[in-house]
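Numbering (our numbering), first residue to last: 1 to 370. Ideal placement from N, C-alpha and C gives every residue a C-beta, glycine not left out. Heads up: the structure comes next, in structure tokens.
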């Protein structure tokens, strides 16, 4: 197995061929449009990169435009209230990104007088900014010679040079970073970085790559050796954890119990109804008879108004299933600490996880919500 790339191969004309043909493709063929493409403002580049972490371009596009409209510069974002920012972020998931976004905006506003740092070491030290995001900001905003290495880039390089080192291994990450950095053309880091990412997204795709349109196919090892469908190689596949929740939408006097999630679990700083996690899937009739349900409701009378279908939200490391039981209670529950009673108008202003918002949308459509 080819676990490394030979110096003879890499230092040959193959590298120069790749770079020249990629840049030519970018100039003459690449029509990929994105609102942040070609942007030189480091704030806007940073914002787009944070939004695109764990998010498809198609989904992130509208969020980027909403954020730029609401917060046209870093000072505006730094001064914004947390809940306003979280509400705007609602639906993107991975809310730690949003927390880091606010923390970094406030740090730059306070420590850098609102001016984005220009040195790579300072950029990469910012909260929520790793080597990839720092390289993107440094190269796109300041044309500094730092290579971006994401899944698109590793796939293109793995196929072109025929590298079988797993891209998710420690050795692989170092190797692809070295190759990408060594391949940067002088004074064209930003253009090159954008070009190779676009090429990986539109031509050298994970599935069904359009090799006939590839200007580098004459020297692409994977194409020549018919290994396009097996490269790049991945070392491991992580099995996702499954979690099951029942959400009790408890109403009293026209208001509903909600609270902000705390701790380091999923959906931190977002709002939820009374969330009861159970070990595995359980039908609603059995759950309502369970001890965990009875302890939550207490001894008072209640009326079940609606039981929803099962909703699902896929996260990178786990799959969450949730079902909603809407019920009325005869008198307020005194043992509910950390909860507030919110009316319909207030609930609309609060940021909720995507799974709960999916239930909200169905509830409005079917006239069963509140």
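In this structure, 132 is the residue among 347, 62, 132, 270 with its C-alpha nearest to the C-alpha of residue 49. In summary, residue 310 is exposed, with fewer than 16 beta-carbon neighbours lying within 10 Å of its beta-carbon over all protein chains present. Take the alpha-carbon of residue 43 and the one of residue 302: they are about 51 Å apart. By the neighbour-count definition (other C-beta atoms within 10 Å, threshold 16), residue 314 is an exposed residue. Between residue 83 and the set 128, 34, 268, 213, the nearest pair of CA atoms involves 268.
Around the Cβ of residue 59, a 10 Å sphere holds fewer than 16 other Cβ atoms; the residue is exposed. Residue state for residue 306 is assigned as strand, using DSSP reduced to three classes. Per DSSP, the unbroken beta strand (DSSP E) holding residue 342 starts and ends at 340-342. When the alpha-carbon of residue 179 is set against those of 129, 329, 162, the nearest one is in 162. For residue 257, the enclosing beta strand (DSSP E) has its first and last residue at 255-260. Counting along the chain, residue 137 sits inside no beta strand (DSSP E); it lies in the alpha helix (DSSP H) bounded by residues 131-142.
Going by beta carbons, residue 156 and residue 204 fall inside the 8 Å limit. The beta carbons of residue 54 and residue 95 sit no closer together than 8 Å. DSSP places residue 207 outside any alpha helix (DSSP H), giving it a letter other than H or E.
From the listed residues 187, 362, 57, 289, the smallest Cα separation to residue 144 is found for 187. For the 8 Å CB-CB criterion, residue 259 and residue 340 form a contact. Pairwise C-beta distances place the segment 120-140 out of contact with the segment 345-357, as fewer than three of them are shorter than 8 Å. Per DSSP, residue 241 is not a residue of any alpha helix (DSSP H); the beta strand (DSSP E) it occupies stretches across 241-252. Beta-bridge pairing by DSSP links residue 277 to 245. Each residue's CA atom was taken as its position, placing residue 31 and residue 214 some 15 Å apart. With a threshold of 16 other beta carbon atoms within 10 Å, residue 283 falls short and is exposed. For residue 271, the pairing in a beta bridge is given by DSSP as 260. Contact annotation: the segment 164-180 touches the segment 228-246, with at least three C-beta pairs closer than 8 Å. Taking a contact to require three or more Cβ pairs closer than 8 Å, the segment 237-247 and the segment 191-210 do not qualify as touching.
In terms of Cα proximity to residue 66, the closest of 272, 79, 87, 56 is 87. With respect to the 8 Å criterion, residue 17 and residue 241 are not classified as neighbours on the basis of their beta carbons.
At the C-beta level, residue 329 and residue 300 come within 8 Å of one another. Straight across, the Cα-Cα distance linking residue 173 with residue 153 is about 11 Å. The Cβ neighbour count for residue 337, taken over all protein chains shown within 10 Å, is under 16; the residue is labelled exposed. In this structure, the straight-line span from the alpha carbon of residue 142 to that of residue 40 is close to 7 Å. If you draw a straight line from the Cα of residue 34 to the Cα of residue 274, it is about 40 Å long. Beta bridge pairing from DSSP links residue 336 with no other residue. Just measuring C-alpha positions, the residue of 135, 335, 287 sitting nearest residue 147 is 135. If you ignore the 5 residues before and after residue 288, its C-beta comes within less than 8 Å of the C-beta of 304, 325, all in its own chain and listed in chain order.
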